[in-house]
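Student: Residue numbers (this note's numbering), protein chains in the order written: chain A, 218 to 469; chain B, 218 to 469.
Ideal placement from N, C-alpha and C gives every residue a C-beta, glycine not left out.
Provided herewith is a single structure, encoded as structure tokens, for subsequent inquiry.
Protein chains: 2
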Amino acid sequence: MGYFHEGHLELMRRARKECNVVVVSLYVNPAQFALSEDFESYPRDFERDKKLAQNVGVDYLFCPSNAEMYLPDHLTYVEVEKITEKLCGASRPHHFKGVTTIVAKLFNIVQPDKAYFGQKDAQQVVVIKKMVDDLNFDLEIVVVPTVREEDGLAMSSRNVYLSDAEREEALVLSKSLEHAKGLINSGERIAQKIKDEMQELIKSKPKVGLEYISICDNRTLEELSHIRGETLIALAAKVGNARLIDNIVIKV
Amino acid sequence: MGYFHEGHLELMRRARKECNVVVVSLYVNPAQFALSEDFESYPRDFERDKKLAQNVGVDYLFCPSNAEMYLPDHLTYVEVEKITEKLCGASRPHHFKGVTTIVAKLFNIVQPDKAYFGQKDAQQVVVIKKMVDDLNFDLEIVVVPTVREEDGLAMSSRNVYLSDAEREEALVLSKSLEHAKGLINSGERIAQKIKDEMQELIKSKPKVGLEYISICDNRTLEELSHIRGETLIALAAKVGNARLIDNIVIKV
Chain A
218 MGYFHEGHLE LMRRARKECN VVVVSLYVNP AQFALSEDFE SYPRDFERDK
268 KLAQNVGVDY LFCPSNAEMY LPDHLTYVEV EKITEKLCGA SRPHHFKGVT
318 TIVAKLFNIV QPDKAYFGQK DAQQVVVIKK MVDDLNFDLE IVVVPTVREE
368 DGLAMSSRNV YLSDAEREEA LVLSKSLEHA KGLINSGERI AQKIKDEMQE
418 LIKSKPKVGL EYISICDNRT LEELSHIRGE TLIALAAKVG NARLIDNIVI
468 KV
Chain B
218 MGYFHEGHLE LMRRARKECN VVVVSLYVNP AQFALSEDFE SYPRDFERDK
268 KLAQNVGVDY LFCPSNAEMY LPDHLTYVEV EKITEKLCGA SRPHHFKGVT
318 TIVAKLFNIV QPDKAYFGQK DAQQVVVIKK MVDDLNFDLE IVVVPTVREE
368 DGLAMSSRNV YLSDAEREEA LVLSKSLEHA KGLINSGERI AQKIKDEMQE
418 LIKSKPKVGL EYISICDNRT LEELSHIRGE TLIALAAKVG NARLIDNIVI
468 KV
């Protein structure tokens, strides 16, 4: 969706290293925003994005108009059921339908051999992988680790919404995930205990409005009572005007 | 869905003439049948189908198993809204969701340049074309005219369900469409008048249970009060155990 940060640039660098031709889509997709959300105010800076992509050696920047992407009588949607109702889907009921539809369109237009997504959007990764498997898209999804600021804040285009004080308190999100990791490394396996400790940490920051903490299977997104296999610990919180998400994946 | 008849073979011949490689899918797709419908009893004869396809010079017959096509945790569906609720969609509410999902999968697996569909399934043609446009599938839909028996009955795998007496009465379906065409050629433009005369003809056959007659725009499937542009006249009826459909397209 543009307003590139180091997270996006890392996807491009990885693709540049692994592929002959690199196409980057730059499209703020209206179908994945609810009316109450920040589609209008979402940060945009085409000239800056263009230079950043050029510097990484991207071959094509695909920036369609809304009129090109959604004809006035657009009627077709791709929908992944169940796993889109959990985590962020619980508070953003049409979000993933917008994501899967636009990604299916982009796949059909660009026809990539590999498509690069950031682990930062953990649920998006799980949903897109499911769509690719279920609809037999002939491509490989490459997941690139979350890029963080030096102090641990996950890179996000929405970080520009944060005041200095909000940004300071937002650090508790990545810190709570690190704390969870520490607990698990020390042998803790009971999900509720880990959630309780994370919640307590986050509660100490009044500007951080926690939306959810999920400790779940990283493929089905089913909540786990005990940590096992490939576990996703994901959270979402409102900090000022920014809705922020972060996560870690732990294999035990 | 197999049990090939001249309609299917005509699609294959047309593809054979226009393409270097011809792939035919043969798959009775459970997702497009309701539980009350004829998925179990739908006619199947693989050896016969194989010979028929070979005789026409088909290169590949793609006959996947249900286990291959739908993994136990299949969650993804492609859905075309609105135009799938009209005509046959009114009585078969999940049918087209099953059709668009399997066709999207087949497109992604086979990756054809051209895909051949019969005009007999008029609404299916409109829905698939819309899906291809909306999701940017990189292929061309080729529509092949309905193939009929000598007496006018549209070819259908379900015609085998008909008794001799039912088959005789079923001829009223194509006859009523021919009658509509005659009326329009004589200058009639009021849709209700045409429907009334078709209905009267069909009512005279007690074994034919009419489900609907639609006179509609052949792109949007909106009902028309006056015939104009490219008009679809479509009908569905139950004759014994067979649900039969037929249609004509008229340009005025």
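Assign G446 of chain A to one of three DSSP states: helix, strand, or coil.
Tutor: As a working note, residue 446 of chain A is residue 229 in the first sequence. Residue state, collapsed to three classes: coil.
Student: Hey, is the region 451–461 of chain A in contact with the region 426–437 of chain A, meaning 3+ C-beta pairs nearer than 8 Å?
Tutor: Contact holds between the region 451–461 of chain A and the region 426–437 of chain A, because three or more Cβ pairs, one in each stretch, are under 8 Å apart.
Student: Between R436 of chain A and E366 of chain A, what straight-line distance do the alpha-carbon atoms span, to the nearest angstrom?
Tutor: Working through the first sequence from its first residue, we reach residue 436 of chain A at position 219. Working through the first sequence from its first residue, we reach residue 366 of chain A at position 149. Approximately 27 Å, taken between the alpha carbons.
Student: In three-state terms, what does DSSP make of C519 of chain B?
Tutor: Nothing can be reported for residue 519 of chain B, as the shown portion of chain B is limited to 218 through 469.
Student: Expressed to the nearest angstrom, what Euclidean distance is found between the alpha-carbon atoms of A339 of chain A and L388 of chain A?
Tutor: Numbered from its first residue, the first sequence carries residue 339 of chain A at position 122. Numbered from its first residue, the first sequence carries residue 388 of chain A at position 171. Their backbone Cα atoms lie some 19 Å apart in a straight line.
Student: Run the proximity test for K268 of chain B: is its beta-carbon closer than 7 Å to any non-hydrogen atom belonging to the ligand NAD?
Tutor: You won't find the ligand NAD in this model; it holds no ligand whatsoever.
Student: Quick check on the DSSP output: what are the complete beta strand (DSSP E) runs of length 3 or more inside the region 329–377 of chain A, in order along the chain?
Tutor: Taken in chain order, the unbroken stretches of beta strand (DSSP E) that lie wholly in the region 329–377 of chain A and span 3 residues or more are 331–335 and 357–361.
Student: Would you decide whether D330 of chain A is buried or exposed? Buried here means 16 or more other CB atoms lie within 10 Å of its CB.
Tutor: Your numbering for residue 330 of chain A matches position 113 in the first sequence. That one is exposed.
Student: Against chain B, does N458 of chain A count as a neighbour if the rule is that its beta carbon must be under 8 Å from one of theirs?
Tutor: Sequence index remark: in the first sequence, residue 458 of chain A carries index 241 (1-based). Not one chain B Cβ lies under 8 Å of N458 of chain A.
Student: Of all the CB atoms in chain B, is at least one closer than 8 Å to the CB of D277 of chain A?
Tutor: Counting from 1 along the first sequence, the entry for residue 277 of chain A is found at position 60. Asp is not the amino acid found at residue 277 of chain A; the sequence shown has Tyr there. Judged by the 8 Å Cβ criterion, Y277 of chain A is not in contact with chain B.
Student: Please report the residue range of the alpha helix (DSSP H) in which N325 of chain B lies.
Tutor: For this step, residue 325 of chain B is matched to residue 108 along the second sequence. Element bounds for N325 of chain B: H312 to V327.
Student: Going by C-alpha to C-alpha distance, which of A:H443, A:G224, A:Y220 and A:L304 sits closest to G369 of chain A?
Tutor: Within the first sequence, the letter at position 152 stands for residue 369 of chain A. Closest in C-alpha terms to G369 of chain A, from the list A:H443, A:G224, A:Y220 and A:L304, comes A:G224.
Student: Would you mind reading off the limits of the beta strand (DSSP E) that contains N464 of chain B?
Tutor: Looking up residue 464 of chain B in the second sequence gives position 247. Taken as a continuous stretch (DSSP letters only), the beta strand (DSSP E) holding N464 of chain B covers A459 to K468.
Student: Find the residues of chain B that neighbour L328 of chain A, judging by a C-beta separation of less than 8 Å, and give them in chain order.
Tutor: As a first step, residue 328 of chain A must be located in the first sequence, where it is residue number 111. The residue you asked about is not Leu; residue 328 of chain A is Gln in the sequence shown. By Cβ distance, chain B contributes D355.
Student: Find the residues of chain B that neighbour M348 of chain A, judging by a C-beta separation of less than 7 Å, and give them in chain order.
Tutor: Against the first sequence, residue 348 of chain A aligns to sequence position 131. Ordered by position in chain B, the residues that pass the 7 Å Cβ test against M348 of chain A are T293.
Student: Would you verify that the beta carbon of A270 of chain B is, or is not, closer than 8 Å to some beta carbon of chain A?
Tutor: Numbered from 1 along the second sequence, position 53 holds the residue referred to as residue 270 of chain B. Judged by the 8 Å Cβ criterion, A270 of chain B is not in contact with chain A.
Student: Looking at T318 of chain B and K337 of chain B, is the spacing between their C-beta atoms short of 8 Å?
Tutor: Here residue 337 of chain B refers to the residue found at position 120 of the second sequence. Here residue 318 of chain B refers to the residue found at position 101 of the second sequence. The answer is no: Cβ separation not under 8 Å.
Student: Does the Cβ-Cβ distance between Y378 of chain A and G306 of chain A come in under 8 Å?
Tutor: For the purposes of this step, residue 378 of chain A is taken as residue 161 along the first sequence, with counting starting at 1. For the purposes of this step, residue 306 of chain A is taken as residue 89 along the first sequence, with counting starting at 1. No; because the gap between Cβ atoms is not below 8 Å, this pair is not in contact.
Student: Considering only their Cβ atoms, is the gap separating A248 of chain A from V239 of chain A smaller than 8 Å?
Tutor: In the first sequence, counting from the first residue as 1, residue 239 of chain A sits at position 22. In the first sequence, counting from the first residue as 1, residue 248 of chain A sits at position 31. Not a contact, by the Cβ cut-off of 8 Å.
Student: In chain order, what residues of the same chain lie with their CB nearer than 6 Å to the CB of V295 of chain B, ignoring the 5 residues before and after it?
Tutor: Along the second sequence, read from residue 1 onward, the residue named residue 295 of chain B stands at position 78. For V295 of chain B, where only same-chain residues beyond five positions count, the Cβ hits under 6 Å are T317, T318 and A321.
Student: Could you please tell me which residues of the region 298–323 of chain B, in chain order, have their CB closer than 9 Å to any CB of chain C?
Tutor: In the displayed structure, chain C is absent; the protein chains listed are A and B.
Student: Look at the Cβ atom of E386 of chain A, then the Cβ atom of K422 of chain A, and state whether they are nearer than 8 Å.
Tutor: Locating residue 386 of chain A in the first sequence gives position 169, where the first residue counts as 1. Locating residue 422 of chain A in the first sequence gives position 205, where the first residue counts as 1. Cβ atoms of E386 of chain A and K422 of chain A: closer than 8 Å.
Student: Counting only beta-carbon atoms, is D351 of chain B nearer than 8 Å to chain A?
Tutor: The residue labelled residue 351 of chain B in the question sits at position 134 within the second sequence. It does: the Cβ of D351 of chain B has a partner Cβ on chain A nearer than 8 Å.
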